Amino acid sequence: MDKLASMLHMTPAIFWMVVKVVIVFAGVMSLAAVWTWVERRGSAMIQDRIGPNRARLFGRWPILGLAQIAADGIKFFFKEDLVPTDANKRLFWLAPFLAFVPALMGFAVIPFGKSFVSGGQTYHLALLDPGNGMGMLYPLAIGGMAVYGVLVAAWSSNNKWSILGGMRASAAMVSYEIGLSLAVISIFMTTGGYDPSEVISAQGHLPWAWNIVRQPLGFIVFFTCMFAETNRLPFDFAEGESEIVAGFNTEYGSMKYSLLALAEYSHLMTASALIATLYFGGWQVPFVKDPTVMLSVASFLLKMLFFAWVFVWIRWTVPRFRYDQLMHLGWKVMLPLSMANLIFHAWRMSQGH
Amino acid sequence: MFITFALITLLGALGMLLQKNVIMAGLCMVATFFGVAGLFVLLANPVAAALQIIVYTGAILVLVLFVIMMLNSHEEEKAQAPRPIQRWVSLALVAALAFGSVKLVLASSGLKALGESGAAVPQAMTLQKVGTALFADHLLGFEVAGFLLLAAMIGAVALTKRNL
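From first to last, the protein sequence lines are chains A and B.
Okay, so the first sequence: first residue is 3 according to this note's numbering, each after it adds one.
Okay, so the second sequence: first residue is 75 according to this note's numbering, each after it adds one.
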């Protein structure tokens, strides 16, 4: 590591920062792209179809239709870039970035592997080092910013369906944020810290000491709220083919649409990484007390990709909710459950557990 | 860094004042809040920055924009009778406020101490410290604020629901 850094005329710290930025952003982006393919193949599997299998690499190797991702990307780039006449042009351009940038930024605080020491220097496998003072508040803040992508895209399109979709989605996201935050707060309480690395080390390597076992109720609330936050089915109120066409992205095409779609999948990745970190011990390997760095990264990736698959799985098996059912669930079920969870853990802590 | 965030804040605030389109004005305000959050980070208070973004940009402004979109009036209304004196009065007031605040800062004892002994490296604020400060030093104020918010919440529900 030090040799490579000195070859590039950089200090090891700066070199490591650049490497981390590339790993995190490129990793999340390419996983998001791969997940569009997983979604299509997965839906086909669940619905007993074949799914995309025609695209071939150089017209020769089908590799399970994986070339579809590249084909989609090339197609999106070369499509005509249409802006509706009555749209607010500046905001119409801005909206995909407003959606995409927070989606990528949310991942920055999550430790995706064990920290290691090399050459007298500690290297942390998270973009923001532990002890930055933001901790788990950061993904919550960035998640709050994500609403603007949907809202601005919806309003700037100047289309009634878009506005309807954007307004429902943002209302749902704001309502579910409360239950979500309360679930996260009870984790802060039992951990005694709010830095993700503290949350992970407090859970330890034994699966029955992970937060999923300690706070099953909190997990249910958090998991449900994540579906509303990422705007995924069964809570996809930004869209809704049968009611409002494609909702907030009805007017979008070409690369701008592609950015909106990628933002959704990046959110999905961040959400699964958060679930893995908060409730499943992050990079901890079950029953291995002191795993190697590569093993810890593999463990984290496995957990994260499993939850990303659960997002796809649920999308194609659970029917959609109606809007009033969604609001009912959010305010009258999830919020009280989350409060009960918080008060129960506060009571247990006051009893000295 | 300070200049960047200060410029974001000020330009956002100016944009909010000058934009005729209400939604654009709202988005300019988002930029302002973002800049303020950045300034909080520079002041070694990342907790306040995170809370600023969660509460103000993530919740309050979303609801404000939401209501503006619901009302479907996106242009600022023209004044019925223009009163140019308002501008001059407001300009004078802003100038007086700016002059007063700059004078207060320059005359404060903290600035003098900073000039004599140099800046101490600040301790970063953590959530634990905020909690201790709220529940140990300012318990009464915290409870009163909580009570006030509860009363406002009940009032809002009572106003919007016609038959309880």
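Here a beta-carbon is modelled for each residue, glycine too, at the ideal position from N, C-alpha and C.
What you are looking at is a predicted structure, and each value in this text was computed from that prediction instead of being measured.
CB of residue i within 8 angstroms of CB of residue j, strictly
| i | j | result |
| --- | --- | --- |
| threonine 319/A | isoleucine 16/A | no |
| alanine 174/A | phenylalanine 239/A | yes |
| alanine 265/A | threonine 38/A | no |
| alanine 124/B | methionine 199/B | no |
| glutamate 253/A | asparagine 134/A | no |
| methionine 341/A | leucine 184/A | yes |
| isoleucine 65/A | valine 36/A | no |
| tryptophan 333/A | serine 177/A | yes |
| alanine 1/A | methionine 271/A | There is no way to answer for residue 1/A, as the model of chain A reaches only from 3 to 355. |
| methionine 31/A | serine 268/A | yes |
| leucine 235/A | arginine 317/A | yes |
| glycine 44/A | glycine 67/A | no |
| tryptophan 285/A | valine 299/A | yes |
| isoleucine 112/A | proline 198/A | yes |
| leucine 93/A | serine 164/A | no |
| asparagine 55/A | valine 223/A | no |
| valine 1/A | leucine 280/A | Nothing in the structure corresponds to residue 1/A, since chain A is present only between 3 and 355. |
Cα-Cα separation between residue i and residue j, rounded to whole angstroms
| i | j | result |
| --- | --- | --- |
| glutamate 200/A | alanine 172/B | 44 angstroms |
| alanine 143/A | glycine 61/A | 45 angstroms |
| valine 149/A | threonine 232/A | 10 angstroms |
| serine 256/A | lysine 77/A | 8 angstroms |
| valine 110/B | valine 104/B | 10 angstroms |
| leucine 10/A | lysine 116/A | 26 angstroms |
| valine 295/A | leucine 100/A | 34 angstroms |
| proline 288/A | tryptophan 210/A | 9 angstroms |
| isoleucine 142/B | isoleucine 97/B | 7 angstroms |
| phenylalanine 118/A | leucine 153/A | 42 angstroms |
| phenylalanine 114/B | arginine 51/A | 53 angstroms |
| lysine 91/A | phenylalanine 323/A | 33 angstroms |
| proline 158/B | leucine 88/B | 20 angstroms |
| phenylalanine 79/B | serine 191/B | 27 angstroms |
| leucine 219/A | phenylalanine 282/A | 14 angstroms |
| glutamine 123/A | lysine 5/A | 14 angstroms |
| valine 247/A | phenylalanine 140/B | 21 angstroms |
| valine 259/A | proline 141/A | Contrary to the premise, residue 259/A reads as tyrosine rather than valine in this sequence. Those two C-alpha atoms are separated by around 24 angstroms. |
| leucine 137/B | glycine 146/A | 12 angstroms |
| alanine 210/B | valine 85/A | 56 angstroms |
Opening and closing residue of the alpha helix (DSSP H) in which residue i lies
| i | result |
| --- | --- |
| glycine 131/B | The question names glycine, yet the displayed sequence has threonine at residue 131/B. Unbroken run through threonine 131/B: none, as it is neither H nor E. |
| valine 30/A | 14-48 |
| alanine 170/B | 158-181 |
| glutamate 82/A | Run containing glutamate 82/A: none; DSSP gives neither H nor E here. |
| threonine 226/A | 218-231 |
| valine 320/A | Here valine 320/A belongs to no alpha helix (DSSP H), and DSSP marks it neither H nor E. |
| valine 186/A | 162-193 |
| methionine 257/A | 256-281 |
| tryptophan 349/A | 337-352 |
| isoleucine 144/A | 139-158 |
| threonine 326/A | A quick correction: the sequence has aspartate, not threonine, at residue 326/A. Note, aspartate 326/A: alpha helix (DSSP H), 325-330. |
Cross-strand partners of residue i (DSSP beta bridge)
| i | result |
| --- | --- |
| leucine 59/A | Trp63/A |
| asparagine 90/A | In the DSSP output, where bridge partners are listed per residue, asparagine 90/A has none listed. |
| asparagine 251/A | None, per the DSSP bridge assignment. |
Where the beta strand (DSSP E) containing residue i begins and where it ends
| i | result |
| --- | --- |
| threonine 294/A | No beta strand (DSSP E) holds threonine 294/A; DSSP gives it neither H nor E. |
| threonine 124/A | 123-125 |
| valine 119/A | 118-120 |
Chain B contact for residue i (CB, 8 angstroms cutoff)
| i | result |
| --- | --- |
| tryptophan 157/A | yes |
| isoleucine 165/A | yes |
| valine 149/A | yes |
| glycine 135/A | yes |
| leucine 127/A | no |
| glycine 146/A | yes |
| alanine 143/A | yes |
| methionine 107/A | no |
| methionine 169/A | yes |
| serine 172/A | yes |
| glutamate 266/A | no |
| tyrosine 140/A | yes |
Residue-chain proximity (residue i, chain A), Cβ-Cβ < 8 angstroms
| i | result |
| --- | --- |
| threonine 83/B | no |
| phenylalanine 209/B | no |
| phenylalanine 140/B | yes |
| isoleucine 228/B | no |
| leucine 116/B | no |
| valine 104/B | yes |
| alanine 194/B | no |
| methionine 75/B | no |
| threonine 234/B | no |
| leucine 201/B | yes |
| threonine 131/B | yes |
| proline 120/B | yes |
| isoleucine 159/B | no |
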